[in-house]
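Q:
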Amino acid sequence: MKTSKFLLPVLVAAAIVAPERVHAQCLTAAEAQDFQRVLRVRLGESELPVEDLYRLAHDKLGFGVNPEGSLASPPAGTRGFQLDQLAARIAESLTNASTVRRNVELQLGEIPRPGSFPDLPELPPQRYRHAASTMAEAYTETARVTALLVDLRQRLAELPPGPERDRLQLEYVRVQRWRTRVNGDLDAAAPARLMAMTTLGSNVDLNGSLSEFWANHFNIEAKKTSWSAVDYRRVLQRRMCGTFRGLLTASAKHPGMQIYLDNFRSKKGRINENYGRELLELHTLGDDLYRYYDQDDVIDAARVLTGWSVQFTTDAAGVTTPSFGFYPAAHDGAAVTMFDRAPRGISLQIPAGSGESAVTRGEQLLGYLAAHPSTRANVCGKLSRWLIGRALPETVAGCAADAVWGDDGDLTAVYRFLLTRRELWSSTGGLSEAEALALPRSYGIAQKTPIELVASSARAVATPSATVLTDGWLTGAVAAATGLGISPAKVAPPTGYPIGTVWLSAGLVIRMQQHLFSRVGTERLGLPVGGVVRRGEALEAEIRGRVVAAGTNNTALVAVAQDLLRNGLKAPPSVAIPVASQLGALTLSDQNKVTREAAPARTLIQAYLGSARFTRK
Numbered sequence: 001m002k003t004s005k006f007l008l009p010v011l012v013a014a015a016i017v018a019p020e021r022v023h024a025q026c027l028t029a030a031e032a033q034d035f036q037r038v039l040r041v042r043l044g045e046s047e048l049p050v051e052d053l054y055r056l057a058h059d060k061l062g063f064g065v066n067p068e069g070s071l072a073s074p075p076a077g078t079r080g081f082q083l084d085q086l087a088a089r090i091a092e093s094l095t096n097a098s099t100v101r102r103n104v105e106l107q108l109g110e111i112p113r114p115g116s117f118p119d120l121p122e123l124p125p126q127r128y129r130h131a132a133s134t135m136a137e138a139y140t141e142t143a144r145v146t147a148l149l150v151d152l153r154q155r156l157a158e159l160p161p162g163p164e165r166d167r168l169q170l171e172y173v174r175v176q177r178w179r180t181r182v183n184g185d186l187d188a189a190a191p192a193r194l195m196a197m198t199t200l201g202s203n204v205d206l207n208g209s210l211s212e213f214w215a216n217h218f219n220i221e222a223k224k225t226s227w228s229a230v231d232y233r234r235v236l237q238r239r240m241c242g243t244f245r246g247l248l249t250a251s252a253k254h255p256g257m258q259i260y261l262d263n264f265r266s267k268k269g270r271i272n273e274n275y276g277r278e279l280l281e282l283h284t285l286g287d288d289l290y291r292y293y294d295q296d297d298v299i300d301a302a303r304v305l306t307g308w309s310v311q312f313t314t315d316a317a318g319v320t321t322p323s324f325g326f327y328p329a330a331h332d333g334a335a336v337t338m339f340d341r342a343p344r345g346i347s348l349q350i351p352a353g354s355g356e357s358a359v360t361r362g363e364q365l366l367g368y369l370a371a372h373p374s375t376r377a378n379v380c381g382k383l384s385r386w387l388i389g390r391a392l393p394e395t396v397a398g399c400a401a402d403a404v405w406g407d408d409g410d411l412t413a414v415y416r417f418l419l420t421r422r423e424l425w426s427s428t429g430g431l432s433e434a435e436a437l438a439l440p441r442s443y444g445i446a447q448k449t450p451i452e453l454v455a456s457s458a459r460a461v462a463t464p465s466a467t468v469l470t471d472g473w474l475t476g477a478v479a480a481a482t483g484l485g486i487s488p489a490k491v492a493p494p495t496g497y498p499i500g501t502v503w504l505s506a507g508l509v510i511r512m513q514q515h516l517f518s519r520v521g522t523e524r525l526g527l528p529v530g531g532v533v534r535r536g537e538a539l540e541a542e543i544r545g546r547v548v549a550a551g552t553n554n555t556a557l558v559a560v561a562q563d564l565l566r567n568g569l570k571a572p573p574s575v576a577i578p579v580a581s582q583l584g585a586l587t588l589s590d591q592n593k594v595t596r597e598a599a600p601a602r603t604l605i606q607a608y609l610g611s612a613r614f615t616r617k
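When we follow my numbering, the leftmost residue of the sequence shown carries the number 1, and every step to the right adds one.
1) Hey, could you find the ends of the beta strand (DSSP E) M240 is sitting in?
2) Taking the straight line between their C-alpha atoms, what separation do you get for V319 and G472?
3) Quick one: any contact between the stretch 55–63 and the stretch 200–217, if contact means 3 or more CB pairs under 8 angstroms?
4) Are there 16 or more other CB atoms within 10 angstroms of the CB of V359, so buried, or fewer, so exposed?
5) Smallest Cα separation from G500: which of R616, T395, G521 and P160?
6) Could you check where the alpha helix (DSSP H) with Q154 kicks off and where it finishes?
7) If I follow the unbroken alpha helix (DSSP H) through G276, where does it start and stop?
8) Let me know the alpha helix (DSSP H) ranges lying completely inside the stretch 40–89, each 4 residues or longer, listed in chain order.
9) Beta-carbon within less than 7 angstroms of L618's beta-carbon, same chain only, minus the 5 sequence neighbours each way: which residues are those?
10) Please report the distance separating the alpha-carbon of I605 from that of R127.
11) In angstroms with no decimal places, state the Cα-to-Cα distance between R177 and L453.
12) Buried or exposed for A188, going by 16 or more other Cβ atoms inside 10 Å?
13) So if DSSP puts F35 in a beta bridge, which residue, or which two residues, is it bridged to?
14) Which residues bound the beta strand (DSSP E) around I350?
15) To the nearest whole angstrom, what separates the beta carbons of S228 and M135, a pair I think is in contact under 8 angstroms?
16) Just the Cα atoms here: how many angstroms apart are P494 and F218?
17) Could you spell out the range, first to last residue, of the alpha helix (DSSP H) harbouring R416?
18) So is L564 in contact with chain C if we call contact Cβ pairs under 9 angstroms?
19) At the level of alpha carbons, what is the spacing between V468 and R519?
20) Find the nearest neighbour of S211 within the set K223, E221 and Y232, judged by alpha-carbon distance.
21) With a 10 Å radius around its C-beta and 16 neighbouring C-beta atoms as the bar for buried, classify P488 as buried or exposed.
22) Within this structure, are the beta carbons of R239 and D408 separated by less than 9 angstroms?
23) Do the CB positions of V50 and P74 come within less than 9 angstroms of each other?
24) G325 lies in the alpha helix (DSSP H); which residues open and close that run?
25) Kindly indicate the opening and closing residues of the beta strand (DSSP E) around L527.
26) By the DSSP assignment, the beta strand (DSSP E) with W308 in it spans what residues?
27) In terms of residue numbering, what span does the beta strand (DSSP E) encompassing R534 cover?
28) For the structure I just gave you, are there three or more beta carbon pairs, one from the stretch 318–334 and one from the stretch 135–147, closer than 8 angstroms?
29) Who are the near neighbours of S611 in its chain, counting only those whose CB is closer than 7 angstroms to its CB and skipping five residues on each side?
30) By the three-class DSSP mapping on this structure, what secondary structure does R101 have?
31) Tell me which same chain residues have a C-beta within less than 6 angstroms of the C-beta of R376, skipping the five on either side of it?
32) Given this structure, state the Cα-to-Cα distance separating A573 from R416, to the nearest angstrom.
33) Might you give, ordered along the chain, the residues of its own chain that have their beta carbon closer than 6 angstroms to the beta carbon of P255, omitting 5 neighbours on each side?
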């Protein structure tokens, strides 16, 4: 093996990589049974109709309902049986949450993309291949094509005009186009993978939901290290059912994070504070307004983490693998006492250290932060807002307690605790649409983020299917989320994107509705009619006929809306009345336009997807 002279050429040393536990399952069989039993009790205590409990599970624990997926709506049977099925589904989803869905990645890798070069048939087809490739494969390809360009450029500079120079010039153009294709695929792979994963997941998709939460909590921007972005998300997902300390360490040591927050540049005498600051402020303790640390502690954290960097090893086959590397010569090994100067600080002493073993000084800091009470409250609060929609003080306190969090942050115990809270299963009680909207912001009615909205709207009209994944659909989904405020996998600030009520602004809701209305289709949405499932034009003709027959009869319009919403979109029947009122208003204002041109089936779907009931999480 050889180590390339990249990034820190004078500081190369053997890397020390701490062993990492990879959790294939979040729950053992016994744990899953116990969790399911407790969850079933909580579901039984809820005053909500079963349909609303299923909707909450789809929206809060995933990316909305897919009518064609299993348990899209309650199965036939008693309330007890329906709740048993829901509890079992949630337990299964949590059990398998940390398993990376490789099949989706492989499907993405086979999707052809435009932009091929007919005059260069020897180039491989352009696809989302890096959504399925390893970090070593991605880095090796981009490094190889860059090295070829450098070599060709040098050779061209040395040749006089003539046939040989012309031949090399054509080769240079070919390699340039190859690099354009590689960079284009790397740039597109992470966003496309994110939108495919969120849209193609099953109902009650904790697999995708929790992995998106952690990728946002430990955010990196895909543009800065595009060759590492997909691998970074895989690493987080595989470790998100271990301990918070293990997850924090995996993030800290990953090449993507090292380069994104510039810690790979930080060395004794030339300290870079970027990662040290975000480690304290975002990843662990929270805002310094909590007064657990000060600026001196940010500097000391950066000092303790000097020498943490990236190494690139190349094997005999020419494959270069980026990985964590510790460079003792770059490390500031002086003893430090941290956090004792802050008003509420809890002192930490890190003894002096040198040589390769000094990497343990940074690991000691991460262990301290993972166990800190402020970290517990920060992470539990964010997870509560993500899964439940609000963070009640008693919920955060229970999650952060030793009995749940433990020493290093038992994440599976944290998930089990939050998923069995009563407030998760009674978020709005029996409130009407108007009453729910009138609630104060502190009540915690969270708005779907743009990523969740785009994914859930596609799922609602039964779009998610590997057979309909195309480059056009993926490009449109990424563009839609970007236009609404989040660039998937490319959020530049270390803070990631906000969650909760922040997305409730009137202007954003209008843009969301415009997006939803422009993407509504009935091609895949099915409605059983007389034992036959109708789609597309047949479905639109059926609904048009019913609306024309109903005329201005509001009761009849509600029946039409309820049939489509409940049987087609698997939406709770309680949304039929407000949706029907919107349809009735359109019908009364211009009967001919609605019945002949606007396709009432699409109008019904638009009214539902644009309603507060749908856009709320």
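We treat Cβ as the ideally placed atom computed from N, Cα and C, and that holds for glycine.
It should be emphasised that the depicted structure is a prediction, and the values quoted were computed from it without experimental measurement.
A: Put simply:
1) The count along the sequence shown starts at 1 and reaches residue 240 at position 240. Element bounds for M240: n/a, residue is neither H nor E.
2) As a position in the sequence shown, residue 319 is number 319, starting the count at 1. As a position in the sequence shown, residue 472 is number 472, starting the count at 1. Spanning the two alpha carbons is a distance of roughly 32 angstroms.
3) Here the stretch 55–63 lies against the stretch 200–217, with 3 or more beta-carbon pairs under 8 angstroms apart.
4) For the purposes of this step, residue 359 is identified with residue 359 of the sequence shown, where counting begins at 1. Buried is the call here.
5) On the sequence shown, residue 500 is found 500 positions in, with the first residue counted as 1. With distances taken between Cα atoms, G500 lies closest to R616.
6) Here residue 154 refers to the residue found at position 154 when the sequence shown is read from its first residue. M135 to E158 is the span of the alpha helix (DSSP H), which, as asked, contains Q154.
7) Mapped onto the sequence shown, residue 276 falls at position 276. Start and end: N274 to E278.
8) 50–60
9) Missing from the structure shown is residue 618; the chain here goes from 1 to 617 and no further.
10) Taking the first residue of the sequence shown as position 1, residue 605 is located at position 605. Taking the first residue of the sequence shown as position 1, residue 127 is located at position 127. Using only the alpha carbons, I get a separation of about 33 angstroms.
11) Sequence index remark: in the sequence shown, residue 177 carries index 177 (1-based). Sequence index remark: in the sequence shown, residue 453 carries index 453 (1-based). Near 36 angstroms, if we compare the C-alpha coordinates of L453 and R177.
12) Locating residue 188 in the sequence shown gives position 188, where the first residue counts as 1. That one is buried.
13) Translated into the one-based positions of the sequence shown, residue 35 becomes position 35. Looking at the DSSP output, F35 shares a beta bridge with no other residue.
14) Taking the first residue of the sequence shown as position 1, residue 350 is located at position 350. That run of the beta strand (DSSP E) goes L348 to I350.
15) Start at 1 with the first residue of the sequence shown, and residue 228 comes out as number 228. Start at 1 with the first residue of the sequence shown, and residue 135 comes out as number 135. Rounded, the Cβ-Cβ distance is 5 angstroms, consistent with contact.
16) For the purposes of this step, residue 494 is identified with residue 494 of the sequence shown, where counting begins at 1. For the purposes of this step, residue 218 is identified with residue 218 of the sequence shown, where counting begins at 1. Their backbone Cα atoms lie some 8 angstroms apart in a straight line.
17) If you number the sequence shown from 1, residue 416 lands on position 416. It spans L411 to L419 - the alpha helix (DSSP H) in which R416 sits, taken as one unbroken run.
18) Among the chains of the structure shown, chain C does not appear; only one protein chain is present.
19) By 1-based counting over the sequence shown, the position of residue 468 is 468. By 1-based counting over the sequence shown, the position of residue 519 is 519. Those two C-alpha atoms are separated by around 14 angstroms.
20) To locate residue 211, count along the sequence shown from 1; it is residue 211. Checking every option, the nearest Cα to that of S211 belongs to Y232.
21) Start at 1 with the first residue of the sequence shown, and residue 488 comes out as number 488. With 16 or more Cβ atoms within 10 Å of its Cβ, P488 is classed as buried.
22) Your numbering for residue 239 matches position 239 in the sequence shown. Your numbering for residue 408 matches position 408 in the sequence shown. Contact flag unset, no.
23) Indexing the sequence shown from 1 puts residue 50 at position 50. Indexing the sequence shown from 1 puts residue 74 at position 74. Result yes, Cβ atoms of V50 and P74 sit closer than 9 angstroms.
24) Counted from its first residue, the sequence shown places residue 325 at position 325. Where G325 is concerned, there is no enclosing alpha helix (DSSP H), although the beta strand (DSSP E) it sits in stretches over T320 to F326.
25) Locating residue 527 in the sequence shown gives position 527, where the first residue counts as 1. Note, L527: beta strand (DSSP E), L527 to V529.
26) Counted from its first residue, the sequence shown places residue 308 at position 308. Segment W308 to T314, the beta strand (DSSP E) holding W308.
27) Within the sequence shown, the letter at position 534 stands for residue 534. From DSSP, the beta strand (DSSP E) with R534 extends over V532 to R534.
28) yes
29) Along the sequence shown, one-based indexing puts residue 611 at 611. Within the same chain, S611 has close Cβ partners V575, P578 and V579.
30) As a first step, residue 101 is located in the sequence shown; it is residue number 101 there, counting from the start. The answer is coil: DSSP assigns R101 none of H, G, I, E or B.
31) What you label residue 376 is simply residue 376 of the sequence shown in a count that begins at 1. Same-chain partners within the cutoff: A400 and W405.
32) Position 573 of the sequence shown, counted from the first residue, corresponds to residue 573. Position 416 of the sequence shown, counted from the first residue, corresponds to residue 416. The identity of residue 573 in the sequence shown is Pro, whereas the question assumes Ala. Answer to the nearest angstrom: the Cα atoms are 30 angstroms apart.
33) Taking the sequence shown and counting its residues from 1, the one referred to as residue 255 is at position 255. Once the five neighbours on either side are set aside, the close Cβ partners of P255 are S228, V310 and P322.
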